[in-house]
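In this note's numbering, the protein residues as written are 19 to 153. Beta carbons are placed, not taken as given, at the ideal position from N, Cα and C, and that holds for glycine.
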């Protein structure tokens, strides 16, 4: 796994099967001092994680092939220090609780998200991941 040599900016991995969501996240973070990696599936995100050390992950819950909870559980095994945020447009409390446990989610954001809430969660997560604070 290599750090990104061209920048010392924190690396944020965004995972969602909807391209419009990835584009919205890209627009949101364009001036936030982070570098983004985008993946349209859990499998592609895991491939990226084999090549890059990420500081923070934002993942959708409902995706074909691999749910966000499954992806985040695998991501936690690959890079346990990465801060994990789960986003979902569905308010199924049981599956959200299960996802928090399975994927060791640090933060949950409801879609459609509030930009300031998401930015605050990311700032908190990056502060924790860079300080080595136990999660």
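Buried or exposed by the 16-neighbour rule on C-beta atoms within 10 Å, applied to residue i
i, result
"residue 28", "buried"
"residue 37", "exposed"
"residue 145", "exposed"
"residue 49", "exposed"
Of the listed residues the options, nearest to residue i (C-alpha basis)
i, options, result
"residue 34", "137, 130, 144, 79", "79"
"residue 103", "37, 39, 83, 139", "139"
"residue 129", "95, 66, 101, 107", "107"
"residue 74", "45, 93, 88", "93"
"residue 71", "87, 88, 95", "95"
"residue 101", "134, 88, 66, 143", "143"
"residue 87", "123, 56, 65", "123"
Residues of its chain near residue i, where Cβ-Cβ distance is below 8 Å and the 5 sequence neighbours each way are ignored
i, result
"residue 131", "105"
Extent of the continuous alpha helix (DSSP H) run through residue i
i, result
"residue 37", "37-47"
"residue 53", "First-last for residue 53: 53-57, but that is the beta strand (DSSP E), not the alpha helix (DSSP H)."
"residue 92", "86-96"
Beta-carbon proximity list for residue i, same chain, < 6 Å, skipping 5 on both sides
i, result
"residue 52", "27, 28, 30"
"residue 76", "32, 103"
Sequence-distant residues of its chain with Cβ nearer than 7 Å to residue i (five each side left out)
i, result
"residue 99", "147"
"residue 151", "Here the model assigns residue 151 a pLDDT of 47, short of 50, so the residue's position is not dependable, and the following value carries that caveat. Same-chain partners within the cutoff: there are none."
Residue i CB to nearest heavy atom of the ligand ADP below 6 Å
i, result
"residue 88", "For the structure depicted, the ligand ADP is absent and the ligand set is empty, with no information on it obtainable."
| query | Can at least three beta-carbon pairs, one atom from the stretch 58-66 and one from the stretch 78-93, be found at a separation below 8 Å? | reply | yes
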